[in-house]
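Residue numbering for the sequence shown follows our numbering, starting at 132 and increasing by one per position. Quick reminder that beta carbons are idealized off the backbone N, C-alpha and C, glycines included. All of these numbers come straight from a predicted model, not from anything done at the bench.
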Amino acid sequence: FLQRLKDTGVWIYATVKDDGSSVHATDMTGGVCLVIGNEEKGVRPLIRKLCDFAVTIPMPGRLDSLNASVAAGIAMFEVVRQRRG
């Protein structure tokens, strides 16, 4: 499924805990598919390899992870925010 999306020009973004660009600083104005991992293990390695970009949600303080639905909501909000300019 992800490869078919990529073949049509959609960029695949994995949300990751570490090692990604800030979701706020990443251009997500084109075709976007967000891959959200689970709270414990994140995105599976085989799925991660298919993704074009890895993005993180900056979290100041002691918080080190978010509920998957919260992370999805923040990432989708950022996509909409960027498209509205």
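Paired residues, beta bridge with residue i - DSSP
i, result
"Leu-165", "Tyr-144"
"Val-186", "Thr-146, Ser-152"
"Gly-173", "Asn-169"
Length of the line joining the Cα atoms of residue i and residue j
i, j, result
"Leu-197", "Thr-139", "31 angstroms"
"Val-141", "Pro-191", "31 angstroms"
"Glu-171", "Lys-148", "10 angstroms"
"Arg-193", "Thr-187", "15 angstroms"
"Asp-195", "Val-154", "15 angstroms"
With 16 other Cβ atoms within 10 Å as the buried cut-off, status of residue i
i, result
"Gly-173", "buried"
"Ala-202", "buried"
"Ala-156", "exposed"
Close Cβ partners of residue i (< 7 angstroms) along its chain, the five nearest in sequence each way excluded
i, result
"Ile-143", "Leu-133, Leu-136, Lys-137, Cys-164, Val-166, Leu-181, Cys-182, Asp-183"
Residue nearest to residue i in terms of C-alpha spacing, selected from the options
i, options, result
"Thr-146", "Arg-179, Leu-194, Val-211", "Arg-179"
"Arg-212", "Asn-169, Arg-175, Met-159", "Met-159"
"Asp-150", "Ala-185, Arg-214, Arg-175", "Ala-185"
Own chain partners of residue i with C-beta closer than 8 angstroms, once the 5 adjacent residues on each side are dropped
i, result
"Ala-199", "Ile-167, Gly-168, Asn-169, Glu-170"
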